[in-house]
Each structure stands twice: as C-alpha cells, then as structure tokens.
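Working notes, beginning with the structure itself.
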Amino acid sequence: MESFDLSKLKKAGEDVLVSPMVSITRPNLISLGNHVSIDPWFHCTTALETGDYVHIQTQVAIIGGKKGLVKMGNFTNISVKGTLICASEKFYGHGFIGAPGIPDEFLDELKLGPIIFEDFVNTGANVTILPGITLGKGSVIGACSLVTKNTEPWTIYMGTPARPFAMRKKEKILEYAKKMGYR
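In my numbering, each residue carries its 1-based index in the sequence shown increased by 116.
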C-alpha cells in the first residue's frame with residue numbers, strides 16, 4: 117500500500133507510515149517522530165506533534181482548527197474511533213455555532229486548549245477527550261470513556277466522565293522502554 121505524501125508534513129521521522137486514506141486539513145502543522153503509524157480514515161483539522169513509537173488507529177478524529185494542538189509523547193496510542201476535541205463552542209447562546217459565511221463577531225465563545233498525551237499513555241476504543249486535557253504519564257483511558265479532567269500518572273480511567281479505576285504497573289514498561297533507548 118502506498119503511503120500519504122510525507123513531504124507535505126512539517127516533519128516526519130524515520131519508519132513513518134501514514135495511510136493514503138486520511139484527511140489532514142493542515143499538513144504543514146503535523147510533526148511526526150520516528151516509528152509512527154497512522155491508519156486509514158484518520159481525520160485531523162489541527163496541529164499534531166508526536167514523539168516516537170506512536171500508533172493512531174483507524175477512524176480517529178482530531179478537531180480544533182488552526183488554533184488547536186495535540187501533543188503525543190513516546191509510546192502512545194489512540195485506539196479505534198477516538199475523538200480529540202481541542203476547540204469547541206461553549207453553547208451558551210452568546211453567538212452562532214461556526215458555519216461558513218458567519219462573521220467572527222457573531223460566533224459563540226470557544227473553549228480552546230491543547231490536548232497532551234505524556235509518555236506511555238494509551239486510550240481504548242471510542243474515547244472522547246475534551247479541550248485542555250493532559251493525560252498523565254502512563255495513564256490509560258478505558259473504552260467508551262469521556263475525559264473531562266486531567267489524569268494522574270500510571271492510573272487507569274474508565275467511564276463517563278472518566279474516573280480512576282485502578283493503578284497501572286509501570287516497571288516492565290519502563291524496563292523495556294529503557295532497553296529501546298528511552299530516557
């Protein structure tokens with residue numbers, strides 16, 4: 117299978133595979149580390165920066181426009197149908213919801229904030245993450261969860277809204293990462 121034209125990206129490291137069946141609105145805002153895979157039907161409207169050993173699975177959507185940002189650390193993953201929302205109208209009725217042709221002064225207020233995946237973060241299928249969230253190092257978000265608050269390191273979260281469920285063991289993960297050159 118052919119890959120997406122990586123020369124369109126701001127940066128692409130070694131061993132990067134991006135499916136040709138992706139929708140990337142602003143490829144000039146995408147920086148990918150080494151050993152990164154992005155599967156078909158990925159949709160991205162915002163800036164994305166990844167570390168190394170990152171997998172973005174099929175049907176993931178990252179939205180937030182030109183002001184949004186997602187940063188993914190090393191050894192991170194977004195599972196099937198994950199949705200990351202870096203910017204969203206507040207829906208308080210202070211203006212219209214964004215649509216073509218509506219002047220900026222008539223638009224509703226935005227909640228805008230980067231979404232940060234610290235190293236070793238993984239998400240299950242159908243997870244939604246709201247603007248301004250930092251997922252702490254090693255945290256895991258269980259399938260079908262809604263993340264509305266920052267997460268603590270090495271903690272597994274589940275539910276809507278996501279709540280701590282269990283602690284995640286880190287010793288083997290850190291041992292293997294160190295053997296792969298992670299510091």
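The beta carbon of each residue, even a glycine, is placed where N, CA and C say it ideally should be.
Just to check my reading of the structure: residue 205 and residue 214 have Cβ atoms closer than 8 Å, yes? What is that Cβ distance to the nearest angstrom? About 7 Å; that satisfies the 8 Å criterion.
Of the residues 243, 270 and 260, the one placed nearest residue 252, counting alpha carbons only: Distance from the Cα of residue 252 is smallest, within the candidate group 243, 270 and 260, for 270.
On the DSSP letters alone, give me the boundaries of the alpha helix (DSSP H) that residue 145 sits inside. Premise fails: residue 145 is in no alpha helix (DSSP H) and is neither H nor E.
At a cut-off of 8 Å, would you count residue 218 as near the ligand NAP, judging by its Cβ distance to the nearest heavy atom? You won't find the ligand NAP in this model; it holds no ligand whatsoever.
DSSP three-state label for residue 273, please. Reduced to three states, the DSSP call for residue 273 is strand.
Report, in whole angstroms, the separation of the C-beta atoms of residue 254 and residue 289, which I expect to be a contact under 8 Å. Contact flag correct, Cβ pair sits at about 7 Å.
Near residue 190, which residues of its chain fall below 8 Å by C-beta distance, leaving aside the five closest residues on each side in sequence? Cβ neighbours of residue 190 beyond the five flanking positions: 149, 167, 168, 169, 170, 235, 236, 293 and 298.
To the nearest angstrom, how far is it from the Cα of residue 177 to the Cα of residue 162? Computed Cα separation, rounded: 10 Å.
Limits of the beta strand (DSSP E) - the one that residue 163 falls within: For residue 163, the enclosing beta strand (DSSP E) begins and ends at 163-166.
Output yes or no for whether 9 Å exceeds the beta carbon distance between residue 202 and residue 179. Cβ atoms of residue 202 and residue 179: closer than 9 Å.
Quick one: grab the DSSP three-state call for residue 227. Three-state result, residue 227: strand.
Looking only at its chain, what residues have a beta carbon closer than 8 Å to the beta carbon of residue 210, apart from the 5 residues adjacent to it on each side? Only 224 and 225 meet the Cβ criterion.
List the residues that DSSP assigns as beta-bridge partners of residue 205. Under DSSP, residue 205 forms a beta bridge with 226.
Between the CA atoms of residue 219 and residue 295 - distance to the nearest angstrom: Spanning the two alpha carbons is a distance of roughly 54 Å.
Residue 152 versus residue 164 - alpha carbon distance: In a straight line, the C-alpha of residue 152 is about 12 Å away from that of residue 164.
In the DSSP assignment, what residue or residues form a beta bridge with residue 193? In the DSSP assignment, residue 193 is bridged to 171 and 238.
CB of residue 160 within 9 Å of CB of residue 196, strictly: Their beta carbons are not under 9 Å apart, which means residue 160 does not touch residue 196 by this criterion.
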